[in-house]
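Numbering (the numbering used here), first residue to last: 365 to 448.
Printed below as a string of structure tokens:
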């Protein structure tokens, strides 16, 4: 089975829920988290074994090979990461 590599952008309650679900899926690996709050991103990365933490979407996209991204930011902050 080919493992799909995911990133989660946004580390609020819904971001944590997405991480919880993704961590339980066979064939899914979360390899990056992006958050405006580094301490929260590191907390979730430690909890879910995510190797990369970023504060900027562009930096993450340049550094990590991905199959899909979950954009779980506030509704009014979806556009920029989705377009990237």
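Even glycine gets a Cβ: it sits at the ideal position worked out from N, Cα and C.
This one's a predicted model, so the numbers in the text were calculated from it and none came from an experiment.
Here the alpha carbons of residue 377 and residue 445 stand approximately 18 Å from one another. Around residue 401, the same chain offers 375 as residues with beta carbons nearer than 8 Å, after the five sequence neighbours per side are excluded.
If you ignore the 5 residues before and after residue 448, its C-beta comes within less than 8 Å of the C-beta of 421, 422, 425, all in its own chain and listed in chain order. The shortest CA-to-CA distance from residue 438 to any of 367, 413, 379, 394 is the one to 379.
Close CB contacts of residue 393 within its chain, under the 6 Å cut and outside five residues either way in sequence, are with 367, 369 (chain order). For residue 412, same chain residues with a beta-carbon under 7 Å away, outside a window of 5 residues either side, are 383, 387, 394 in chain order.
With a threshold of 16 other beta carbon atoms within 10 Å, residue 408 meets it and is buried. Restricting attention to 427, 381, 396, the CA atom closest to the CA of residue 433 is found in 396.
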